[in-house]
Each structure stands twice: as structure tokens, then as C-alpha cells.
DNA sequence: ATAATAGTGTCTCTCAGACATTATGGC
DNA sequence: GCCATAATGTCTGAGAGACACTATTAT
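Protein chains in written order, with my numbering: chain A, 317 to 558; chain B, 317 to 558.
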């Protein structure tokens with residue numbers, strides 16, 4: 317979109333052989349205290365029987381964000397989720413059928429949204445994520461069924477999933493993404509559980525509390541959790557600072 | 317790339333109206349001790365007379381990375397630069413001619429590469445960047461000509477430029493991007509100058525030295541800078557840790 | 001010797017980890 | 001009163017900012 321030659325090339329829509337653009341969504345939530353993704357089993361070739369991220373093609377008159385939101389709605393039945401662009405995958409042989417460039421989005425689901433998507437008859441299945449590396453080192457991620465069996469992933473979706481986990485870990489302590497996985501009211505222990513699940517490592521309780529409260533993101537509701545057989549914890553709410 | 321309907325849609329290349337995919341490069345380097353970008357003045361409409369990032373359309377048989385490298389070569393005459401994907405811009409009205417989705421790349425140039433691109437007859441002009449926000453707050457960025465006059469940017473390129481600066485600032489202290497702007501051998505003072513230019517704020521000398529040396533990224537060469545009228549500083553080299 | 005910057009020693013402050021202790025609600 | 005967990009106080013060590021001081025080279 318800069319030189320004259322390209323201007324002319326680009327100006328006549330039929331004069332240029334175009335590729336196909338898609339969006340793929342990494343739907344992440346918590347399942348049984350550990351990080352999990354929602355996947356679809358592919359019925360048709362290529363990669364039939366393997367597991368794929370829900371995705372869809374981007375319409376000619378559709379903004380990228382809108383395409384991602386549409387996939388979230390149509391494939392997972394959800395209208396509310398933290399959605400952010402992750403990375404664009406543009407290798408030649410991602411899909412054996414044709415050239416498809418895909419913009420990957422990270423979608424973070426609250427426990428309720430996660431359950432809703434699973435129950436919605438969408439065919440989505442929860443896969444817990446096995447992350448064998450610590451910190452932000454990066455590396456492969458294994459998706460496992462409830463029983464523990466590895467789920468082979470279609471296309472380059474293992475790579476996309478791994479990048480999603482890396483991004484999530486990286487943003488966790490300086491951004492608000494941690495709250496996207498929690499309900500509106502939550503205890504500090506729940507917040508810590510979320511962080512520990514994402515980081516894959518235990519955290520120090522007093523230090524965690526101090527850090528979170530000092531951030532100014534939390535406002536106490538005065539309410540307390542119910543149903544415990546011991547001292548109930550205070551419920552907090554996320555509040556965007558100022 | 318997931319459901320059956322989309323599979324069929326996507327399988328016949330002529331059955332689907334395709335958009336155009338481009339790459340745009342944010343070429344950043346240092347000019348006169350401050351952060352600067354290389355821009356091209358648009359000759360034709362739309363946005364004639366405004367300033368644009370160098371870019372190009374992505375070929376149907378061309379990986380995204382290769383397209384970025386091609387633009388770097390053809391538009392700036394460079395074969396060596398730190399190149400990393402920044403973000404994909406996919407709004408509907410980015411370009412008034414037609415729907416163009418653009419994958420933005422961040423290219424970091426050493427002082428030598430920066431000068432080479434300027435001298436290569438490519439038409440690129442150095443614009444110093446005026447960043448009116450501190451830290452990683454984010455916000456608009458103004459490109460200015462050598463005299464200080466603001467250069468109006470074409471399309472959504474002001475937004476892309478701002479995101480590039482934000483990304484660079486964010487990655488500076490935990491990644492190796494700072495070294496991409498330096499020659500192979502450099503002094504600690506030069507490294508600090510680079511960091512200060514990117515952050516737009518002065519840094520504490522002893523603390524900066526300690527941090528950098530403790531990272532394990534630097535290896536002393538035993539050589540010293542030449543041409544000073546005072547004590548010459550030791551020259552270091554960047555060495556990927558282990 | 002002087003000038004000018006390279007390079008270091010040290011104090012302090014902040015902040016996180018570790019651990020122990022106190023507080024509190026349900027039974 | 002007992003239990004289990006919430007919530008907090010305090011010690012310690014790592015690391016950064018501030019500032020002063022020493023080292024070294026060209027002239």
C-alpha cells in the first residue's frame with residue numbers, strides 16, 4: 317500500500333490473486349483448577365480426527381475484530397469474553413488445501429462462560445493444557461482430554477496454543493487479564509488460584525495479597541463467600557483504576 | 317478453517333470474495349540521539365503529500381515474513397535488520413480504495429543500516445518521533461522533519477507507529493531489542509543512550525551498568541573506543557546468554 | 001597536571017519471599 | 001471450644017536509585 321505499482325495492482329480487485337484470511341480463537345478458561353482450552357474435533361479432511369481451534373473466514377466487509385466476535389458467538393454461543401489479538405500466522409503450508417493466513421485471537425472465559433460454551437451443543441470439548449516449561453521460557457503445550465490422553469492438534473494450532481499460553485503468562489501480572497477468568501465477585505484466594513493455574517507454580521500468599529491490593533484494582537464489596545465450614549473470605553470486585 | 321460450510325466456501329478459490337493483505341514496516345533507528353522512523357512521502361492519491369510507512373502486498377505464494385523481508389530489501393535496500401511482527405490492522409476503512417488488511421512489522425535498524433537506507437536513493441526520510449507520554453502509558457506519537465515541522469501521516473499509520481513505540485518500550489528491559497540499534501561493538505554509555513532515547517527518560521548510570529552486566533548478555537572485548545580526548549570506554553559485544 | 005569521562009563503593013529505600021501469628025465464622 | 005482457613009506482622013534478602021569517590025587516558 318505504498319508504491320505506485322502496487323497502487324495500480326491493488327486498485328483493480330481482479331488483477332491480483334488474493335489469499336484467504338481467517339481468524340482462529342484460542343478459548344481459554346479454568347477447568348478443575350487448571351488451564352484449559354476449548355477445541356473442536358475435525359470431521360472432514362484434512363486433519364480429520366484431530367483437534368482444532370474454532371475459526372472462520374473473514375468477510376470482505378467485516379472488520380477483523382467483528383470476525384472474531386462472530387466466531388465466538390457462532391461457534392461457542394458466547395457474547396461476552398475478553399478478546400485480544402494474539403498473532404498472525406502466515407506460513408505457506410499451514411493448510412494443505414490453499415493459502416490461508418490466519419489471525420489468532422485470545423479469548424478468556426469466566427468459569428460461567430466456559431461452562432456455557434461446553435453445554436451449548438457446539439461440539440466444543442475442554443482440553444486441559446499441559447505446560448512443561450516454567451516462567452516465560454516458551455515451548456510446546458500438550459492438550460489433554462479429561463482422562464489424560466493427549467489430543468493431537470490440527471494444522472499449526474499447537475503452535476498457536478503455545479503462543480496463547482506464553483502471552484497470557486506474560487501479561488498476567490501487569491495487566492487485568494487475570495480477572496477475565498473470574499466471576500464478578502471473587503475472593504483473593506480464587507484470584508490467587510487463577511494466577512497459580514496460569515503460571516503453573518505456587519505463589520506466596522501474603523506477598524500476593526499485598527501486590528494485588530496495592531495495584532488498586534480491587535474494591536472490597538463488604539460481602540463474604542457463603543457455604544464454607546470455616547471463616548468465609550471477603551468478596552472483591554475488579555475496578556479499573558480511575 | 318473449521319466448519320464444513322467454511323471448508324466448502326474456502327475450497328473453491330473463486331467462490332469467495334477475497335480481501336487484500338499487505339505488510340507495512342515501521343523502520344526505527346536513532347537519529348541525533350533520539351528515536352526516529354523512516355517514512356515515504358505519498359505521491360499519488362489517496363493521502364498524496366502525507367507520509368506513509370513503506371509497505372507492499374503479500375503474494376499468494378509468499379510467507380508473511382518473506383513479504384516483510386522483501387519490503388525491507390526493495391524499499392529500504394537493507395538485508396539485515398531485527399524484524400518482528402507487531403499487530404494486524406483490519407478495520408474496514410483503513411484504505412479508501414479497497415479493503416486492505418495489513419500486518420505491521422517492527423524493523424530495528426542499527427545506526428549504519430539507518431544511514432544506508434537514507435542514502436540509498438529510496439526516497440525514505442528520517443522523522444524523529446515525539447513521544448509525549450511516559451513509561452508504557454501509550455498514546456499518540458508525532459513524526460517530525462529535521463526542522464521540527466510535524467509530518468502528517470497517511471492512512472492509520474500514526475496508530476501503527478504509536479503501537480511500535482509502545483511495543484519497543486515494553487520489550488526493552490527484558491529482551492534483546494536494545495542491541496538491534498547498536499553496532500557490533502559498543503560501549504555501555506552507548507547502550508544507555510539507546511535505552512534513554514527509547515524510554516524518553518534519563519537512567520541511573522551505576523544501576524544501569526549493574527543490571528546490564530548481571531543479565532549476562534554482554535561480553536567484554538578487551539578493546540576500547542578510539543578518538544576520545546579522555547579515558548576511552550571498554551567495548552562490549554552482545555552475546556546471547558548460553 | 002588538568003580535563004573529562006569511565007567505572008565502582010556504599011547507603012538507603014522499596015518490594016517480594018518466608019514464616020509465624022492472630023482473627024474469625026461454622027460446627 | 002475446635003477446626004480450618006482468612007488475614008496480617010515481621011524478618012530478611014535482592015535489587016534499584018542516589019551520590020560520592022576513584023581510575024584512566026589524551027592533551
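Idealized CB from N, CA, C, for every residue including glycine.
Keep in mind that this is a model prediction, so the values were computed, not measured.
Secondary structure in the segment 454–480 of chain A: the beta strand (DSSP E) runs of 3 residues or longer, each lying completely within the stretch, are 458–460 in chain order. In the DSSP assignment, residue 432 of chain B falls within the unbroken alpha helix (DSSP H) covering 427–435.
Neighbours of residue 403 of chain B in chain A, taken as residues whose beta carbon is under 7 Å from its own, are 401 in chain order.
When C-alpha distances from residue 494 of chain A are compared across A/478, A/340 and A/351, the shortest belongs to A/351. Judged by DSSP secondary structure, residue 527 of chain B falls outside any beta strand (DSSP E) and instead within the alpha helix (DSSP H) spanning 521–531. Distance from residue 345 of chain A to residue 400 of chain A at the Cβ level is roughly 15 Å; contact not present, criterion being Cβ atoms closer than 8 Å. Contact annotation, residue 468 of chain B with residue 531 of chain B: C-beta distance approximately 40 Å; criterion of less than 8 Å not satisfied.
In this model, residue 334 of chain B and residue 382 of chain B are separated by some 21 Å (Cα to Cα). Under the Cβ criterion of 8 Å, residue 334 of chain A is counted among the residues facing chain B. It is roughly 42 Å from the alpha-carbon of residue 353 of chain A to the alpha-carbon of residue 508 of chain B. Between residue 370 of chain A and residue 392 of chain A, the CB-CB gap stays under 8 Å. The secondary-structure analysis by DSSP pairs residue 446 of chain B across a beta bridge with B/458.
Contact annotation, residue 502 of chain A with residue 434 of chain A: C-beta distance approximately 21 Å; criterion of less than 8 Å not satisfied.
In this structure residue 394 of chain A is not in contact with residue 422 of chain A, their Cβ atoms being roughly 14 Å apart against a cut-off of 8 Å. At a cut-off of 8 Å between C-beta atoms, residue 377 of chain A counts as an interface residue with respect to chain B. Within the segment 466–485 of chain B, contact with chain A at the beta-carbon level (separation under 8 Å) is assigned to 471. Residue pairing from DSSP places residue 340 of chain A in a beta bridge opposite A/371 and A/420. Of B/511, B/473 and B/517, the smallest CA-CA separation from residue 528 of chain B is found for B/511. Here residue 556 of chain B is actually not in contact with residue 535 of chain B; their C-beta atoms are around 10 Å apart, not less than 8 Å. Among the CB atoms of chain B, none fall inside 8 Å of the CB of residue 437 of chain A. Around the beta carbon of residue 336 of chain B, a 10 Å sphere encloses 16 or more other beta carbons of the protein chains shown; the residue is thus reported as buried.
For residue 441 of chain B, the beta-bridge partners assigned by DSSP are B/355. Residue 385 of chain A sits in a helix when the DSSP states are folded into three classes. In terms of Cα proximity to residue 415 of chain B, the closest of A/413, A/377 and A/424 is A/377. By the neighbour-count definition (other C-beta atoms within 10 Å, threshold 16), residue 372 of chain B is a buried residue.
Contact between the segment 450–462 of chain A and the segment 472–491 of chain A is present: three or more C-beta pairs spanning the two stretches fall below 8 Å.
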